[in-house]
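What follows is a set of notes on a single structure, which appears directly below.
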Amino acid sequence: MNAPNSAFAPTRRALLAIAAGFAGELALGFRLSDKTAMAQSADASSFRPNSVVRIDRDGTVTLVVPYAEMGQGALMSVAMLVAEELEIEPSAVKIEHAIGDNVLYASPLLGEQITGGSLSLRGAWKPMRQAGAAARMMLVEAAARSWSVPAVACHAEAGRVVHPASGRRVSYGALVEVARTLAVPQDPPLKAGTLRVIGKTLPRIDSPAKVNGSAIFGIDVRLPGMRYASVMACPVFGGTLRRVDHAPALAVRGVRKVVELANAIAVVADHTGAARKGLAALKPEWSDSANASLDTAGLVATCDAALGTQGLIAETKGEPARAMSAAKMTYEADFRLPMLAHAALEPLCCTAHVRPGSCEIWVGSQAPGRARNDVAKALNLPAEAVRVNNHLIGGGFGRRLQSEWITQAALIARQVDAPVKVTWSREEDMRQGSYRFHNHSRVKVGLDERGMPVSWDHRIVGPAVMAWFLPGYFRNGIDLDVTGGAYGPYVLPNLSVDFVRNDPPSGLLVGNWRGVGDTRNGFIVESVVDELAHRADRDPVDYRRALLEPGSRMLAVLDRAAKESGWDGALPRNSARGVAILSAFGSHIALVAQVDMNEQGRIRVPRMTCVVDCGRAVNPGIVRQQIEGGIIFGLSAALYGKITVRNGQVEQSNFHDYPVVRMNEAPTIEVVVMDSREEPGGVGEPGTAVVAPAVLNAIRSITGKRLLALPLDPAMVQTA
-17 MNAPNSAFAP TRRALLAIAA GFAGELALGF RLSDKTAMAQ SADASSFRPN SVVRIDRDGT
43 VTLVVPYAEM GQGALMSVAM LVAEELEIEP SAVKIEHAIG DNVLYASPLL GEQITGGSLS
103 LRGAWKPMRQ AGAAARMMLV EAAARSWSVP AVACHAEAGR VVHPASGRRV SYGALVEVAR
163 TLAVPQDPPL KAGTLRVIGK TLPRIDSPAK VNGSAIFGID VRLPGMRYAS VMACPVFGGT
223 LRRVDHAPAL AVRGVRKVVE LANAIAVVAD HTGAARKGLA ALKPEWSDSA NASLDTAGLV
283 ATCDAALGTQ GLIAETKGEP ARAMSAAKMT YEADFRLPML AHAALEPLCC TAHVRPGSCE
343 IWVGSQAPGR ARNDVAKALN LPAEAVRVNN HLIGGGFGRR LQSEWITQAA LIARQVDAPV
403 KVTWSREEDM RQGSYRFHNH SRVKVGLDER GMPVSWDHRI VGPAVMAWFL PGYFRNGIDL
463 DVTGGAYGPY VLPNLSVDFV RNDPPSGLLV GNWRGVGDTR NGFIVESVVD ELAHRADRDP
523 VDYRRALLEP GSRMLAVLDR AAKESGWDGA LPRNSARGVA ILSAFGSHIA LVAQVDMNEQ
583 GRIRVPRMTC VVDCGRAVNP GIVRQQIEGG IIFGLSAALY GKITVRNGQV EQSNFHDYPV
643 VRMNEAPTIE VVVMDSREEP GGVGEPGTAV VAPAVLNAIR SITGKRLLAL PLDPAMVQTA
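Those letters in the sequence shown? Residues -17 to 702, per our numbering, in order.
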């Protein structure tokens, strides 16, 4: 058993501290070695003080956004940060997606060009504002020099530099030639006092193109001479292709080629319809792997057995063993969470063009810098020979953090003398996913005579995704994500958290899923605390209040949620409210779910009230959208989410057997964004993590029964 090491305690604060160690001076290209404008050796018609801001002679301001836009509002939020410091309107900014480049565009919190973990805005908060501030200072200096006045006598305003004393003003575009010759400020100060743009609910700059259909997602890419490919991998995890007769596919009009890979086949054609028809005509022979007998029952049994194994100590506080033995009573429960798919609206799709000595990719990726490196390795090319053009994403949820499907497209394109768009079918997307793997927990709580916890023991059984995805989050055998939030936001006198690593069988791909560790532990912790409240015959909100730090942001959020939801208000018979809270991703959130149950024991969720303190809300409207989306995503998982395996193959194939919440099942959602001057927290994921516990806590109040596994029994769900 490892000795506890508080330096690696799985708190979000610790995670950020570890992540910060990755980045060093990676500030989106600000620390330029020659401390001069990047544009000096580039296009003389533009001014580029850093890797994200470009101003052309006609005054056009272009922002190269390092983060992927997958519906979460990254483009708008980052544009607002830059616009604030550059003294322009966000609507005046032209947006470009950054190419894949881990040097120029690495997240300062993750050390790579990654959009995930609700860290984008948190990582962008200072660097992107500094990008705008540096450009503004250089433009002001350029104008001051041309007027032979001190720079302090000038200021930027609405895309111009103004000298109030003389009434002179000049547009940014007219200053490009001089500004590009100046030294780049290396630590530009940010605006103080009242902010003009940040904090306002402004229309998203990416919305018009999405409404009129001109927006280009990865699946929309069209190139001259492009071919289209459909692909099928071995249905059994880890299996390989033995042989396949190409003739049936080649007989289909429009089919150009059949490409064989180690574990898959692809049909390349003039259009997707022909490619799909050709693929359906093939009868490949597969060599099944050792997983051919794998099934869900066996995976669950392995997790259950691991619950009886002492894990590595992730965190301790006080004297948990002594306090447990002295407790007046104990509560113990085992929780089981299933495998989950991402089920994004846009199936995986990638266009690749491989030429001798180079490769170009067009894709929607959450980690384009990593994709660039992976493709380079697969094709035996230097990274500089691979270009990854990133596009809008129709839902990522963590699936597009991985790039094996991008590498697959490059390997297919290597055998075709043209650009090739490889589009996965919905069935392939569902059955060849990167799943959130089974997670089991055993929680034992020692209680005093009042039913309050004196000792908390949480054993977590799950995969160590961070061991390969972000090794900086894997220390001393502990996955700091899967163990994060293992006792919630509560102040407990004695606690112990241990981790039993349980990776999936080889060939079964697992990864990150929206909400990461907190979607697992949030459900478990909030279920346990709620059960303790019932057993102590105390109101669940009051019970939580007693466990939170007095005067804390989390306590204020809980109080506001109770008020806004009418927590103490009367409800009809067989209706109840359930509450769940979470402090994670730098934000604090409380959700109250109302659940109604009919005489047949079937439930519906008519209303959810959510209060969030995410620090300074750059765009409160986007915060609300993110929370609403996270709630619907979490509700789908709580009601329906479950991937099952039989004979080494995923049984689900589409939305008929992996349902999501329909419009007529969606609750009325009220989101309250609390005012705060703290630095921004993440909002893309916490909304997902509080849904399941809030719903199941309401069911406990109605039925008196504590449910310990997800999803809900289908017999309990009132479906569309």
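Backbone N, C-alpha and C fix where the C-beta goes; we use that ideal spot for every residue, glycine too. Here the structure is a predicted model, which is why all the values come from computation and not from measurement.
When the Cα atoms are used, Val498 and Ala544 turn out to be separated by approximately 26 Å. The alpha carbon of Val166 has as its nearest neighbour, out of Val47, Arg30, Ala251, Val593, the alpha carbon of Arg30. If you keep only unbroken beta strand (DSSP E) runs of at least 3 residues inside the region 456 to 489, you get 477 to 483.
About 17 Å separates the beta carbon of Ile571 from that of Gly55, a gap too long to meet the 8 Å contact definition. Listed in chain order, the non-local C-beta contacts of Arg127 below 7 Å within the same chain comprise Val160, local neighbours out to five positions each way being set aside. Looking at the DSSP output, Val336 bridges to Cys341. The Cβ atoms of Ala400 and Gly207 sit closer than 8 Å to each other.
With a minimum length of 3 residues, the unbroken runs of beta strand (DSSP E) contained wholly in the region 211 to 268 fall at 222 to 225, 237 to 242, 246 to 251. In this structure the region 472 to 486 does not touch the region 619 to 633; the number of beta carbon pairs closer than 8 Å is below three. With contacts defined as CB atoms closer than 8 Å, Asp480 and Gly293 qualify as a contacting pair. Nearest C-alpha to Val672 among Phe317, Asp430, Val507, His420: Val507.
DSSP, reduced to helix, strand and coil, places Asp430 outside both helices and strands of the structure shown, so it counts as coil. In the structure shown, His137 adopts extended strand secondary structure according to DSSP, grouped into three states.
Taking 8 Å as the cut-off, the Cβ atoms of Ala80 and Pro72 do not count as close.
The alpha carbon of Arg424 has as its nearest neighbour, out of Lys239, Ala468, Arg225, Val404, the alpha carbon of Ala468.
Annotated as distal: Asp430 and Ser478, with beta-carbon spacing of 8 Å or more.
Of the residues assessed, Asp512 falls on the buried side of the cut-off, its CB having 16 or more other CB atoms within 10 angstroms. Here the alpha carbon of Gly339 sits roughly 29 Å from the alpha carbon of Ser89.
Closest by C-alpha distance to Leu327, out of Glu409, Thr278, Arg527, Asp316, is Glu409. Shown here for Arg584: same chain residues with a beta carbon closer than 8 Å to its own, the five before and five after excluded, namely Ala697, Met698, Val699, Gln700 in chain order.
Distances from the CA of His420 to each of Ser437, Ala446, Gly351 were compared; the closest alpha carbon is that of Ala446. Less than 8 Å divides the Cβ of Ala251 from the Cβ of Tyr210.
Within the same chain, Ala674, Pro675 come within 6 Å of Phe505 by CB-CB distance, once the 5 residues on both sides are set aside. The shortest C-alpha to C-alpha distance from Arg598 to any of Leu103, Pro302, Glu633, Leu490 is the one to Leu103. Straight across, the Cα-Cα distance linking Val60 with Cys596 is about 16 Å.
Excluding residues up to 5 positions away in sequence, Ala315, Asp316, Phe317, Arg318, Ser509 lie with their Cβ nearer than 8 Å to the Cβ of Leu690 in the same chain.
Inter-residue distance for Ala619 and Leu322 is about 8 Å (C-alpha atoms, whole angstroms). For Tyr525, the enclosing alpha helix (DSSP H) stretches over residues 522 to 529. For Ala288 and Arg520, the gap between their C-alpha atoms comes out near 34 Å. Remark: C-beta atoms of Ala392 and Val357 approach each other more closely than 8 Å. Taking one beta carbon from each stretch, the region 239 to 254 and the region 194 to 206 have fewer than 3 pairs nearer than 8 Å; the two do not touch.
The beta carbon of Arg418 sits closer than 6 Å to those of Leu322, Trp495, all from its chain and outside the five residues before and after it, given in chain order. Contact between the region 525 to 539 and the region 553 to 573 is present: three or more C-beta pairs spanning the two stretches fall below 8 Å. Just so you know, the alpha carbons of Leu374 and Glu78 end up roughly 10 Å apart. In the three-state DSSP reduction, Ala544 falls in the helix class (H, G or I).
Residues of the same chain with a CB within less than 7 Å of the CB of Gly41, apart from the 5 flanking positions on each side, are Gly141, Ser153, Tyr154, Gly155 in chain order.
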